[in-house]
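A.B. asks: Residue numbers are given in this note's numbering: position 88 of the sequence shown equals residue 333, and the series is strictly consecutive.
Where is the CB? At the ideal position from N, CA and C, for every residue including glycine.
Below are the structure tokens for one structure; questions will follow.
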Amino acid sequence: MASRFLRLGIPLAAFLVIASCRQAPIYNVQTASFVNPAANVALEERGHQIKRAGAALGWQMIDESPGVIRATISLRSHRAVAEIRYDQTQFSIRYVDSVNLNYDGSNIHPNYNGWIQRLEQTIIAQSSV
Numbered sequence: 246m247a248s249r250f251l252r253l254g255i256p257l258a259a260f261l262v263i264a265s266c267r268q269a270p271i272y273n274v275q276t277a278s279f280v281n282p283a284a285n286v287a288l289e290e291r292g293h294q295i296k297r298a299g300a301a302l303g304w305q306m307i308d309e310s311p312g313v314i315r316a317t318i319s320l321r322s323h324r325a326v327a328e329i330r331y332d333q334t335q336f337s338i339r340y341v342d343s344v345n346l347n348y349d350g351s352n353i354h355p356n357y358n359g360w361i362q363r364l365e366q367t368i369i370a371q372s373s374v
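Next comes the structure, spelled out in structure tokens:
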């Protein structure tokens, strides 16, 4: 019985370790358009829309300069930092830093990509409000 457990348990443990270290190419938003980008919306209002979207998802949003927001999210022992650059018609989201997300220079834990994709979608939705 014990040898059967070892035969099944060791490969299962190895699989769980490998699965917990999975990575994916990092997802950056190059240029995404706001809803109705041709509208005459002030840069300051676009910043407010981005900050509302991020705050609704648990991101801490800090103005760095006009057209630049630093977004940070902390979940359990994980943290991700991204830079959002924007103007009146479009925005981009770029990876800055992370903790406990297995970033290796080009790949990162897939959860990061999901957080960025949700942030992107929420910013676009917020821009229509």
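If you drop the 5 nearest sequence neighbours on each side, which residues of the same chain put their C-beta closer than 8 Å to that of P355?
C.D. replies: Numbered from its first residue, the sequence shown carries residue 355 at position 110. Only R267, Q268 and A269 meet the Cβ criterion.
A.B. asks: With H, G and I counted as helix, E and B as strand and the rest as coil, what does DSSP make of E365?
C.D. replies: Residue numbering aside, residue 365 sits at position 120 when the sequence shown is read from its first letter. Residue state, collapsed to three classes: helix.
A.B. asks: In terms of DSSP beta bridges, what is V344 paired with?
C.D. replies: Counting from 1 along the sequence shown, the entry for residue 344 is found at position 99. According to DSSP, V344 bridges with R324.
A.B. asks: Between which two residues does the beta strand (DSSP E) harbouring A277 extend?
C.D. replies: Position 32 of the sequence shown, counting from 1, holds the residue named residue 277. Here the beta strand (DSSP E) through A277 covers V274 to S278.
A.B. asks: Is it true that the CB of I338 sits closer than 8 Å to the CB of L320?
C.D. replies: To locate residue 320, count along the sequence shown from 1; it is residue 75. To locate residue 338, count along the sequence shown from 1; it is residue 93. No. Outside cutoff.
A.B. asks: Can you give me the C-alpha to C-alpha distance between V326 and R315, rounded to a whole angstrom?
C.D. replies: Locating residue 326 in the sequence shown gives position 81, where the first residue counts as 1. Locating residue 315 in the sequence shown gives position 70, where the first residue counts as 1. The straight-line gap from Cα to Cα measures roughly 7 Å.
A.B. asks: Could you have a look at P270 and say whether DSSP puts it in helix, strand or coil?
C.D. replies: On the sequence shown, residue 270 is found 25 positions in, with the first residue counted as 1. Three-state DSSP puts P270 in a strand.
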